[in-house]
Structure formats: C-alpha cells, structure tokens
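FYI, in this note's numbering the residues of the sequence shown are 1090 to 1253.
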Amino acid sequence: MLPIALSAEARTESAQLLNAILADSMILYALYKKHHWLVAGPTFYQLHLLFDKHAEEQLELIDLLAERVQSLGGIAVGDPRHAAELTTIERAPNGAEDVPAMIHRLLHAHEIVITKVRHAINRTDKNEDWGSNDLLMSDVLRRNELQVWFISAHLVDVPLVGDK
Ligand SMILES: [Fe+2]
1090 MLPIALSAEA RTESAQLLNA ILADSMILYA LYKKHHWLVA GPTFYQLHLL
1140 FDKHAEEQLE LIDLLAERVQ SLGGIAVGDP RHAAELTTIE RAPNGAEDVP
1190 AMIHRLLHAH EIVITKVRHA INRTDKNEDW GSNDLLMSDV LRRNELQVWF
1240 ISAHLVDVPL VGDK
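Set out below in structure tokens:
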C-alpha cells in the first residue's frame, strides 16, 4: 500500500498500539478540559490555566498520533465514542471533585498512557518502525512525563509560615 518500506505486520501492530494511545489521549484531553472548567478553591486560577495548557498540548499529541496512524495505512480513531470504547482510563464521575482528587485522577490517567507508550516504544523498536518510535519517545513520552511533573508538584504540602 503506502511505499514506506515497512512490513504490513509492523504497520498493523503500530497502528493498533498508536490507536490505543490516541484513544486514551482523547479521554485525557477531555479530562483536562473538564477540570479546567470545574476546578475551584484557592488554587483555582493557576490550575484553571495549567489544565488548559495541558489540554492544548494533549490536543497536539492527538493530532500527531492520528496522522501517524494514517501514515502507516491505518485508520485513526476519530469519534470520541469510539475512544470511550477503547480507553482503559476510568470514567470520572459527573460533576466536580476536590483538587487532590482531580490531580490523582490526572496522574493515574497519565500513568496509563505512559505505560502503553513505553510498551509501544519497545515494540516499534523491535519492528524497526522508527517513525512511530521517534514520535512516541520524543513527543508523547516526554510531554506526558513533563505534565506529570507539573501536576505532581501541586501535591506537595507547603507548611504555613509560623507553623511549628
Ligand atoms: Fe477555557
């Protein structure tokens, strides 16, 4: 099909691995937007902005992943209801959660993505699908790890001045 000098088996496996990560990324994007809207409390403004920044970055990854699937001759997951069928990220309850719960939920979702990305990096390395391998490592893995750092930093207890 597409003359990219990669076996049909390798392209099919990569497309499946990438679609699973794409579906999770679509759910993670939606989770960030939900938290962007529903967050409340003393850290409202910074988290409102940070959640939206991370959502935008996930949206960029979604586009890269989907276009990579197409480049391999696969069919990218497009409908959010299809993504909901494929994802292994637990559905969040309707309505708001408190900030620590939102952060734990996001960190758990990131770890699900990162676990799949690490596995896919390994598989694409074995299959010599370097295009997918580079996308997963340089873009998806690094961006998710960076977002985990930024989100995790909000869990640190900062003692109040004068507290014993
Ligand atoms: Fe907004």
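All C-beta atoms in this analysis are idealised placements derived from N, C-alpha and C, irrespective of residue type, glycine included.
Quick caveat: nothing in here was measured; it's all calculated off a predicted structure.
**Request:** Reducing DSSP to helix, strand and coil, say where Val1245 ends up.
**Result:** Reading the sequence shown from its first residue, position 156 is the one you call residue 1245. Reduced to three states, the DSSP call for Val1245 is coil.
**Item:** Pro1169 (DSSP reduced to helix, strand or coil)
**Value:** The residue labelled residue 1169 in the question sits at position 80 within the sequence shown. Pro1169 falls in the helix class under three-state DSSP.
**Request:** Hey, could you find the ends of the alpha helix (DSSP H) Asn1108 is sitting in?
**Result:** Position 19 of the sequence shown, counted from the first residue, corresponds to residue 1108. Membership of Asn1108 in the alpha helix (DSSP H) is indicated by the continuous run Ala1097 to Leu1127.
**Prompt:** Just to check, is the beta-carbon of His1125 closer than 7 Å to a non-hydrogen atom of ligand 2?
**Reply:** Annotation note on ligand 2: not contained in the displayed structure, which lists ligand 1 as its ligands.
**Prompt:** Taking the alpha helix (DSSP H) that Arg1207 falls in, what are its first and last residues?
**Reply:** Residue 1207 sits at position 118 when you count from the first residue of the sequence shown. That run of the alpha helix (DSSP H) goes Val1188 to Lys1215.
**Request:** Check each candidate in Leu1091, Gln1105 and Arg1180 and name the one with the smallest Cα separation from Lys1205.
**Result:** Locating residue 1205 in the sequence shown gives position 116, where the first residue counts as 1. Per the Cα distances, Gln1105.
**Request:** Determine the DSSP secondary structure at Leu1225, reduced to helix, strand or coil.
**Result:** To locate residue 1225, count along the sequence shown from 1; it is residue 136. Under the three-state reduction of DSSP, Leu1225 is assigned to helix.
**Asked** Under 7 Å from any heavy atom of ligand 1, does the C-beta of Asp1214 make it?
**Response** Here residue 1214 is taken as the residue at index 125 of the sequence shown, counted from 1. For Asp1214, the CB stays at least 7 Å from every heavy atom of ligand 1.
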